[in-house]
Amino acid sequence: MTAYDPDNIFGKILKGDIPSHKIYEDDDIFAFMDVMPQSTGHALVIPKTGSRNILDADPQVLANLIQKTQTIARAVMTAMNADGLRIAQFNEAPAGQTVFHLHFHIIPMYDGVPLQP
Ligand code: 5GP
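So the sequence shown is numbered by the UniProt record's numbering: it starts at 1 and just counts up by one.
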């Protein structure tokens with residue numbers, strides 16, 4: 001597998017080189033709004049340590065990321081008054097990954113469809 005490149009977009013967001021709309025941060029995790037949302041309230045959750053995707057992630061980092069994603073997903077669902085949520089995660093370009101820093105998408109759904117921003 002290709003090695004993690006810290007100069008990816010989310011790496012730059014973590015360094016503060018690219019601005020983002022932060023919704024959560026702790027020592028290990030950062031969450032922010034997607035700049036091209038698939039639905040109103042589309043958020044992204046990332047670890048602060050560098051993993052390209054789920055395939056090279058440290059298991060403990062991944063476990064913590066999933067637990068924090070659950071907490072943030074509940075908050076997003078409440079804040080956005082959504083009917084449901086999609087949690088999405090892609091691995092490598094053929095699967096649709098475009099930013100090569102591990103992330104989970106949280107996508108609010110409304111009566112079975114996204115709410116167009
Ligand atoms: P992927 O296709 O890799 O799973 O998802 C990458 C996501 O990152 C996309 O939904 C895209 O809209 C989002 N994204 C790309 N560049 C930026 C950026 O500079 N800022 C933010 N907040 N999101 C970005």
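The C-beta atom is built at its ideal place from N, Cα and C for all residues, glycine as well.
Proximal residues to residue i (C-beta, below 6 Å), its chain only, five neighbours per side dropped
i	result
residue 119	Residue coverage of the chain in this structure runs from 1 to 117, which leaves residue 119 outside it and unanswerable.
Residue i in three-state terms, based on DSSP
i	result
A79	helix
A63	helix
F32	strand
I9	helix
residue 132	It is not possible to answer for residue 132, since the shown part of the chain is limited to 1 through 117.
K48	coil
Residues of its chain near residue i, where Cβ-Cβ distance is below 7 Å and the 5 sequence neighbours each way are ignored
i	result
K68	I29, V45
P47	D28, I29, V61, L65, L102
F10	I46, V99, H101, H103
Assumed close pair residue i, residue j - CB separation to whole angstroms, cut-off 8 Å
i	j	result
I107	L85	6 Å
Y110	A82	6 Å
Contacting residues, own chain, Cβ-Cβ under 8 Å from residue i (five flanking each side not counted)
i	result
Y4	G50, S51, R52, D56, F100, H101
G96	F90
Test: residue i CB closer than 8 Å to a CB of chain C
i	result
R52	The structure shown contains no chain C; it holds only a single protein chain.
Inside the stretch 68-113 only - beta strand (DSSP E) runs reaching at least 3 residues: 84-88, 104-109
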